[in-house]
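Okay, so here's the structure we're looking at.
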Amino acid sequence: MKMNFKSLIALGIAAVLLHVGTIQAEQVTLDVSPAYKVLKSGKKQTTWLRVGVTGFEMKTDKERAPVNVAIVLDKSGSMSGEKIAKARQAAMDAIDRLGPNDIVTVVTYDTTVNVLVPATKLTDKEYVKKAIAGVTSNGGTALFAGVSKGAAEIRKFLDKERVNRIILLSDGLANEGPSTPSELGALGASLKKEGISVSTLGLGLNYNEDLMAKLAGRSGGNHQFIERATELADIFNREFDEVTSIVAQEVKVKITVPEGIRPVRVLGDEAEIAGQNIQLVFSQLYSKQNRHVVLEVEVPETEDGQKLQLAKVSASYRNMQTGETDKLSGATSVKFSSKDKLVEASLTQTVMEDVVAFVANEQNRLATDYLDAGDILKCASTLDLNSRFLKENADKYDSVKLRGILLGNKYQLEAVQSRDFNRARKDMRFFQNTITDNAPAGAEFSKLQQQKLQTPSQQPEQQQRKQVPRR
Amino acid sequence: MNRYPKLLLILLVVLPLILLGWGGIRLASHEQERVKANIQRLLTGRLNEIDRSIADQLATLAVDMQKVTSIDSYNLEELRDVVRNDPKIFQLFVINPDDVLLYPSPIGPHTEVERDFILKASDLVNDRQLQLSETASSNDGRKQTVSAPSQKMKTKSVAPARQAGDWFVWNWGPGINLIYWQRRENGHIVGVAVERARWIADIIAELPDTPSIAQGADSVPSRIQIVESGKDVIYKWGPFDPDPEEAPTAEFRLSSPLSAWQLQTFVPLHLMTAERSGTFNLIAGLVISGLALIGLAYAIDLQFGRELREASRRVSFVNQVSHELRTPLTNIRMYAELLDRDLDSLEENIEQPRKRLSVILSESQRLTRLIGNVLAFARQEKQTLRVCRKEVIVDEIIQTVLDSFRPSLEQKEIEVEFDLNATQPTMIDPDILEQILGNLISNVEKYAADGKWVKICSSQSEQEIRLIVADHGPGIDVSNRSKVFEPFWRASDLLSQSAGTGIGLTIVQYLARLHGGDVKVRSNGDGTQFEVNIQTSPEQEDES
Chain A
562 MKMNFKSLIA
572 LGIAAVLLHV
582 GTIQAEQVTL
592 DVSPAYKVLK
602 SGKKQTTWLR
612 VGVTGFEMKT
622 DKERAPVNVA
632 IVLDKSGSMS
642 GEKIAKARQA
652 AMDAIDRLGP
662 NDIVTVVTYD
672 TTVNVLVPAT
682 KLTDKEYVKK
692 AIAGVTSNGG
702 TALFAGVSKG
712 AAEIRKFLDK
722 ERVNRIILLS
732 DGLANEGPST
742 PSELGALGAS
752 LKKEGISVST
762 LGLGLNYNED
772 LMAKLAGRSG
782 GNHQFIERAT
792 ELADIFNREF
802 DEVTSIVAQE
812 VKVKITVPEG
822 IRPVRVLGDE
832 AEIAGQNIQL
842 VFSQLYSKQN
852 RHVVLEVEVP
862 ETEDGQKLQL
872 AKVSASYRNM
882 QTGETDKLSG
892 ATSVKFSSKD
902 KLVEASLTQT
912 VMEDVVAFVA
922 NEQNRLATDY
932 LDAGDILKCA
942 STLDLNSRFL
952 KENADKYDSV
962 KLRGILLGNK
972 YQLEAVQSRD
982 FNRARKDMRF
992 FQNTITDNAP
1002 AGAEFSKLQQ
1012 QKLQTPSQQP
1022 EQQQRKQVPR
1032 R
Chain B
17 MNRYPKLLLI
27 LLVVLPLILL
37 GWGGIRLASH
47 EQERVKANIQ
57 RLLTGRLNEI
67 DRSIADQLAT
77 LAVDMQKVTS
87 IDSYNLEELR
97 DVVRNDPKIF
107 QLFVINPDDV
117 LLYPSPIGPH
127 TEVERDFILK
137 ASDLVNDRQL
147 QLSETASSND
157 GRKQTVSAPS
167 QKMKTKSVAP
177 ARQAGDWFVW
187 NWGPGINLIY
197 WQRRENGHIV
207 GVAVERARWI
217 ADIIAELPDT
227 PSIAQGADSV
237 PSRIQIVESG
247 KDVIYKWGPF
257 DPDPEEAPTA
267 EFRLSSPLSA
277 WQLQTFVPLH
287 LMTAERSGTF
297 NLIAGLVISG
307 LALIGLAYAI
317 DLQFGRELRE
327 ASRRVSFVNQ
337 VSHELRTPLT
347 NIRMYAELLD
357 RDLDSLEENI
367 EQPRKRLSVI
377 LSESQRLTRL
387 IGNVLAFARQ
397 EKQTLRVCRK
407 EVIVDEIIQT
417 VLDSFRPSLE
427 QKEIEVEFDL
437 NATQPTMIDP
447 DILEQILGNL
457 ISNVEKYAAD
467 GKWVKICSSQ
477 SEQEIRLIVA
487 DHGPGIDVSN
497 RSKVFEPFWR
507 ASDLLSQSAG
517 TGIGLTIVQY
527 LARLHGGDVK
537 VRSNGDGTQF
547 EVNIQTSPEQ
557 EDES
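Note that the protein sequences, when read in sequence, are chains A and B. Under the numbering used here, the first residue of the first sequence is numbered 562, with each subsequent residue one higher. Under the numbering used here, the first residue of the second sequence is numbered 17, with each subsequent residue one higher.
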């Protein structure tokens, strides 16, 4: 299914897309496509362009990039029982998947932090697993310190050749040391600059989703909402699937917009807009992963028949299979026409779908803000409006993907209406992050949402989560 | 024994106990203070080391930041690149000599982070806070070196850095933030706001972690924490989990620029309070010395009581002796006077003066015996008595002694019965025998005169002489039977009841034993019987 979607993109893009690394080594592909290739002449208007990168397929005959991973486990009192047992098991299984070239750190924290296994080459798996097996839960939640220690251990072997990642598992609110989402977010952003990303796995219904989402988001890692401990093994597995299939790191994308065109906002990821320059970094790209952002620009009045360059894009990344830094570049331009038909016909549907999805995502964030402010009605109405917006566009473009998001939106709306705010909120944050991170393929996404709507909580969790498309 | 000495004894026990307890408590609390002070000094020392390590870390950061801020050309893109790539930096800024913020420019297009910074830092720039701190700190520095020698080291170490740049502490958001800034030679201020979350994370990364109990059970558990503004915990470590209400055992304010941070350490309470065992020791000591004192007091009481009893007996003895001495003397004097008068009419009757003379004689003998007893007693006390053996016939001595008693026995109408069988000459000390016999008969005369009867038996064998003196007197209670031989003991202390010194039987027993024998008393309602054996064999006597 996913492949279909991917190939669809490939086909759909007859775009102005460049740099095909033709020779031996596989390359990440960069694509830059405008929502409309032809714009209406004679008026000032807003349009969008999508900038995306797609990882090449990792060759199984080649050695994967070694990983440098820190597993940071919350062992506070709330983790006791099944949760800690599953977490131990998941971590031990993860260790089994790694090889002797990989570096592993295990940090546990409650009120205080314990560097259980300092950063070490994984030559003695049994030792590490034994240490993990001895973890018992007790005490408070010193999340910040746990991540700090984990990062320090990663840093001992910090290497561009490696996939550097912290995997944080928590089920609670940070309550020891710095604990605000902005502080954790800032730490995440700082780690991202070093090439360390933090994936946060929120377990149960009591963790602080803002904090976890922000830490993951700003560091370029994933954020997962795991409602039941039984799903843990799966999520861990997926996380390690990803970590062990990274093909590119530090994908730095620089978009330059010519004078006269004003960049308005970037949807889909954190980006820095400075004048005509937009910069963003995707920390990691795994095998065949597509990551993209949508740039909203304001285009000045232009005469019929004119051609205007919309953006020049350059990107650099570290190829994890060759160990070299590769460069990519691309550009896109639009024509202007007075004929509406021509304009309509020039629409690239997939780009527009992304635009709608990202806009809907922004609305979803807004709904979360209303929920936080205690304005349930506003939250519900925003979600409702968002649903209508999504439905309208889904019908217009006949988009499976948008229908999937629509279902998610509806599910959240239902949760809000049935006063299940906690679940709604966690789902929203998880969602916002998922869409931001890597747009899920439509069909599977919608399947997931459908399941959620039909049986919101009775559904066997494992099956439910398996549906979340990762690649 | 009256109450007063008892009170004294109680005081003897209680006072030292109180003193000991008080002293013990004082000593314990003093010790506790000392231990506490010691522990605190130790802990503060440890905190001081931690502070130094954090200060070193910040110094390293300062060196890095100094490099970052050592720029004299201010190209927008270059500056942005620095911010983009340095994980430690939140935002870089440049203020020109006219105190205008050059970068990030408040007017130009800026990134989100720049906007964030401009909003947060507007006061900092508008109020010229950095510029003001520049003059203040240079003044401060001078003052410090002059007035506080203890700060000298610190100032010195900071001083070279100060010339190039300095930290500035800035409050916004969740707490203190650090800015490193320097004034370039071109008059521009180049500063960098370091990312709070990052430098805190880096400090935490350098601080120790908390190994699990199995990994580090050897040392004393303690907890150290860094607290911002006295309340927000930044980081804590150590396996000890103190009560949330508990005050820290030691505190230490971090050195500049992190003076808003405090290091606090907690150790288990029992470490601080000289422990339960200290209290236990104190109590145990008190109990033991209390017991010892009570024992001592009891011993003193016993000894004191004995002495007291002895003393009172001595007093009664002296009374008795003087009484006893007076009577025969009075008699001797009276009869002597009578004899004197009789002799005036000598022709009329010669019998009368004779009788009187015999009385004088017997009374003088009594006096002699008495004095002999006193002397014997005194010698016995001094252990100077010796046995002087002569060849004598025991029955003869008995007769002689009895002869001297005859007048008084006749006077009291006491019938004397004999059963004398010691007619062979033997080697004994006649004086001792006389004294023993005299005392026993004298006792009969004094205490058993009511029986009107005395029997004296004697027998003789190879080794010993046995004498029995029996009477029909009132007898002696069973409970008193063993006491009759104690010196000064008398069945009744009343002077009027009967005369006597109370040492007679003591001397009898002593002399009999001195002579290698002993004395036994038997008594029933029918009277009392004293049986004396004395050894005749000189070898045996020598042995004893």
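By construction, the Cβ of each residue, glycine as well, lies at the ideal position given by its N, Cα and C atoms.
Residue i, buried or exposed, once every other Cβ within 10 Å from all chains shown has been counted against 16
i                      : result
residue 123 of chain B : exposed
residue 728 of chain A : buried
residue 296 of chain B : exposed
residue 58 of chain B  : exposed
residue 394 of chain B : exposed
residue 46 of chain B  : exposed
residue 162 of chain B : With a pLDDT of only 38 at residue 162 of chain B, under the threshold of 50, the placement of this residue in the model should not be trusted; the figure read from the coordinates follows. Residue 162 of chain B is exposed by the Cβ-count criterion.
CA-to-CA distance, residue j to residue i, given in whole angstroms
i                       : j                      : result
residue 106 of chain B  : residue 276 of chain B : 20 Å
residue 98 of chain B   : residue 90 of chain B  : 12 Å
residue 487 of chain B  : residue 470 of chain B : 5 Å
residue 94 of chain B   : residue 246 of chain B : 40 Å
residue 781 of chain A  : residue 76 of chain B  : 28 Å
residue 1057 of chain A : residue 650 of chain A : In the structure as shown, chain A starts at 562 and stops at 1032, and residue 1057 of chain A therefore has no counterpart that could be examined.
residue 438 of chain B  : residue 476 of chain B : 5 Å
residue 609 of chain A  : residue 856 of chain A : 6 Å
residue 849 of chain A  : residue 817 of chain A : 26 Å
residue 482 of chain B  : residue 495 of chain B : 26 Å
residue 883 of chain A  : residue 845 of chain A : 15 Å
residue 731 of chain A  : residue 841 of chain A : 28 Å
residue 379 of chain B  : residue 323 of chain B : 34 Å
residue 121 of chain B  : residue 775 of chain A : 28 Å
residue 1000 of chain A : residue 791 of chain A : Legend: pLDDT at residue 1000 of chain A = 40, less than 50; position of this residue unreliable, value from coordinates given subsequently. Taking the straight line from one Cα to the other gives about 26 Å.
residue 933 of chain A  : residue 743 of chain A : 16 Å
residue 359 of chain B  : residue 386 of chain B : 30 Å
residue 40 of chain B   : residue 303 of chain B : 12 Å
residue 903 of chain A  : residue 859 of chain A : 20 Å
residue 267 of chain B  : residue 699 of chain A : 27 Å
residue 269 of chain B  : residue 63 of chain B  : 9 Å
residue 479 of chain B  : residue 524 of chain B : 19 Å
residue 67 of chain B   : residue 74 of chain B  : 10 Å
residue 981 of chain A  : residue 970 of chain A : 14 Å
residue 939 of chain A  : residue 607 of chain A : 28 Å
Assumed close pair residue i, residue j - CB separation to whole angstroms, cut-off 8 Å
i                      : j                      : result
residue 763 of chain A : residue 787 of chain A : 7 Å
residue 452 of chain B : residue 403 of chain B : About 12 Å; that fails the 8 Å criterion.
residue 669 of chain A : residue 675 of chain A : 5 Å
residue 951 of chain A : residue 917 of chain A : 7 Å
residue 458 of chain B : residue 520 of chain B : 7 Å
residue 592 of chain A : residue 733 of chain A : That pair is no contact at about 41 Å.
residue 188 of chain B : residue 196 of chain B : About 16 Å separates the two Cβ atoms, so there is no contact after all.
residue 389 of chain B : residue 517 of chain B : 7 Å
residue 538 of chain A : residue 672 of chain A : Chain A is shown only over 562 to 1032; residue 538 of chain A falls outside these bounds and no answer can be derived.
residue 544 of chain B : residue 472 of chain B : With 8 Å as the limit, residue 544 of chain B and residue 472 of chain B do not qualify as a contact, their Cβ atoms being about 13 Å apart.
- Query: So does the stretch 300–312 of chain B actually touch the stretch 22–37 of chain B, counting three or more Cβ pairs closer than 8 Å?
  - Reply: In short, these stretches touch, since the Cβ pair count reaches three.
- Message: For the structure I just gave you, are there three or more beta carbon pairs, one from the stretch 457–471 of chain B and one from the stretch 411–425 of chain B, closer than 8 Å?
- Response: Touching, yes.
- Message: Taking 8 Å as the cut-off, does the stretch 704–717 of chain A touch the stretch 799–807 of chain A (at least 3 CB pairs, one atom from each stretch)?
- Response: These segments do not touch.
- Item | Any 3 or more C-beta pairs closer than 8 Å across the stretch 910–919 of chain A and the stretch 940–960 of chain A | As far as the Cβ criterion goes, the stretch 910–919 of chain A touches the stretch 940–960 of chain A, which means the pair count is three or higher.
- Inside the stretch 917–988 of chain A only - beta strand (DSSP E) runs reaching at least 3 residues: Unbroken beta strand (DSSP E) runs of no fewer than 3 residues, entirely contained in the stretch 917–988 of chain A, are not found.
- Message: Does the stretch 740–760 of chain A come into contact with the stretch 614–621 of chain A, if we say contact requires no fewer than three beta-carbon pairs (one atom in each stretch) closer than 8 Å?
- Response: Contact fails between the stretch 740–760 of chain A and the stretch 614–621 of chain A, because fewer than three Cβ pairs, one in each stretch, are under 8 Å apart.
- beta strand (DSSP E) runs contained entirely in the stretch 751–812 of chain A, provided each spans 3 or more residues: Segments of the beta strand (DSSP E) lying fully in the stretch 751–812 of chain A: 758–764, 784–787.
- Message: Pairs of beta-carbons, one from the stretch 620–639 of chain A and one from the stretch 922–936 of chain A, closer than 8 Å: are there three or more?
- Response: No, they do not touch.
- Runs of beta strand (DSSP E) wholly within the stretch 616–691 of chain A (minimum 3 residues, chain order): Taking only runs of at least 3 residues, the beta strand (DSSP E) segments lying wholly in the stretch 616–691 of chain A are 628–635, 664–670, 674–682.
- Query: What are the complete alpha helix (DSSP H) segments, minimum 4 residues, inside the stretch 470–510 of chain B?
  - Reply: The stretch 470–510 of chain B contains these whole alpha helix (DSSP H) runs: 494–497.
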